[in-house]
Amino acid sequence: MDDTRVYIEISPEAVNYINRIIEGYEYLGILTTLDPKRATCQINSTADTRDIVIDVLTHLTDVDVKILGSREEAVKK
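Residue numbers for the sequence shown follow our numbering, so the first one is 3 and each next one is one higher.
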């Protein structure tokens, strides 16, 4: 089974904003913060919505979103 999770790094102030965007798009996924200091997060999506999640996040102009390649990258210190 392919990984349907999306890992991101954002500013700590943007976590709630990103969460509301993901929820506002008819629950594209569920956001979980992995490292509060770095504000790395995991978005649990589905096989059908993963690409849409990435598309939405990369088109935001008011917040910097870095898409991470893996959970290991998201949780490394």
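By construction, the Cβ of each residue, glycine as well, lies at the ideal position given by its N, Cα and C atoms.
Neighbourhood of residue i by C-beta, 8 Å cutoff - its chain only, sequence neighbours within 5 removed
i	result
I24	L30, G31, I32, L33, I45, V55 and V58
I69	V8, Y9, I10, I56, L59 and T60
V77	L36, D37 and T42
For residue i, three-class secondary structure by DSSP
i	result
Y29	coil
V59	Rather than Val, the amino acid found at residue 59 in this sequence is Leu. Helix, per DSSP.
D50	coil
I12	coil
R40	coil
Neighbourhood of residue i by C-beta distance below 7 Å, restricted to the same chain and skipping five residues each side
i	result
V17	T35, A41 and C43
S72	Y9
CB contact below 7 Å: residue i versus chain C
i	result
Y19	Of the protein chains in the structure, only one exists, and it is not chain C.
Nearest residue (CA-CA) to residue i, options the options
i	options	result
I20	E74, V77, V67 and K78	V67
T51	G71, E28 and L62	E28
P14	E75, D53, G71 and V65	V65
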